[in-house]
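**Student:** The structure is given below, and queries will be raised subsequently.
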Amino acid sequence: MPVSPPSESLSSVETSVQTTTTKDHLVITESLNVPNVKNLTIEQQNNFSETLIVNLNSNPLNLTGYSILSYIKKHPSSNTISSNFAVNDINQTLGEVSISLGSTMTSQLKEGRYYYDILLINNANGVKRVIQEGMVFVKPGIST
């Protein structure tokens, strides 16, 4: 996904983190220096999706000029990726993206605890920031 850097240097932003859950969105208000922590629950054999709004200084961060990657691993230090979330632009200029896994991918995850993060990469200068991280709890889908 293409990206334009914010008008403000990422290193000059305050380091507070505030998370607000709205209807179907998770709003991340942060400095981009301190990742938001949120645990996720995924049911096997079901589609999973989470919408994120990234804010910088209480304003939506224009994600034009950035790339976003998100991986799931069994252990944080593991070199093996268990799965990767698909990252979809919903509204780049308003900092809105979604991460998702289809039912085929969730079926391949074994029940248990995993770890994930969401990495924001500035395409202009290569600066990388983890904007969200946490645990993923995979549980069997009961009615699937």
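Following my numbering, the numbering of the sequence shown begins with 1267 at its first residue and continues without gaps. Every residue, glycine too, gets a C-beta built ideally from N, C-alpha and C.
Beta carbon of S1348, beta carbon of L1386: below 8 Å?
**Tutor:** Result no, Cβ atoms of S1348 and L1386 do not sit closer than 8 Å.
**Student:** Kindly list the residues whose CB is nearer than 8 Å to the CB of M1371, restricted to its own chain and excluding five residues on each side of it in sequence; keep chain order.
**Tutor:** Counting only Cβ-Cβ distances below 8 Å, and skipping sequence neighbours, we find S1349.
**Student:** Going by C-alpha distance, which of L1367, S1324, Y1382 and P1406 is nearest P1342?
**Tutor:** Minimum Cα distance to P1342 is reached at Y1382.
**Student:** In whole angstroms, what separates the C-alpha of I1397 from that of E1362?
**Tutor:** So the two alpha carbons sit approximately 13 Å from each other.
**Student:** Taking only runs of the beta strand (DSSP E) that begin and end inside the segment 1350-1383, which ones reach a length of at least 3 residues, in chain order?
**Tutor:** Entirely contained in the segment 1350-1383, the beta strand (DSSP E) runs reaching 3 residues are, in chain order, 1352-1357 and 1362-1367.
**Student:** Taking only three categories from DSSP, how would you classify I1347?
**Tutor:** The answer is coil: DSSP assigns I1347 none of H, G, I, E or B.
**Student:** Given a cut-off of 8 Å on the beta-carbon distance, is the pair I1408 and Y1380 in contact?
**Tutor:** Not closer than 8 Å, so no.
**Student:** What separation, rounded to the nearest whole angstrom, lies between the Cα atoms of S1373 and F1314?
**Tutor:** Going from the Cα of S1373 to the Cα of F1314 covers about 11 Å.
**Student:** Return the first residue and the last residue of the beta strand (DSSP E) that S1333 is part of.
**Tutor:** Unbroken beta strand (DSSP E) run through S1333: Y1332 to K1339.
**Student:** Given 7 Å as the limit, tell me if T1370 has its C-beta closer than that to any heavy atom belonging to the ligand HEM.
**Tutor:** No copy of the ligand HEM appears in this structure; indeed no ligand is present at all.
**Student:** Using a 10 Å radius around the Cβ and a threshold of 16 neighbouring Cβ atoms, would you call A1390 buried or exposed?
**Tutor:** When all chains shown are included, A1390 counts as exposed.
**Student:** Please report the straight-line C-alpha distance between P1406 and N1312, rounded to a whole angstrom.
**Tutor:** Looking at the two C-alpha atoms, the distance is approximately 9 Å.
**Student:** Can you tell which of Q1358, V1402 and N1345 has its C-alpha closest to the C-alpha of V1320?
**Tutor:** Cα-wise, what sits closest to V1320 is Q1358.
**Student:** In whole angstroms, give me the CA-to-CA distance for I1308 and G1392.
**Tutor:** The straight-line gap from Cα to Cα measures roughly 31 Å.
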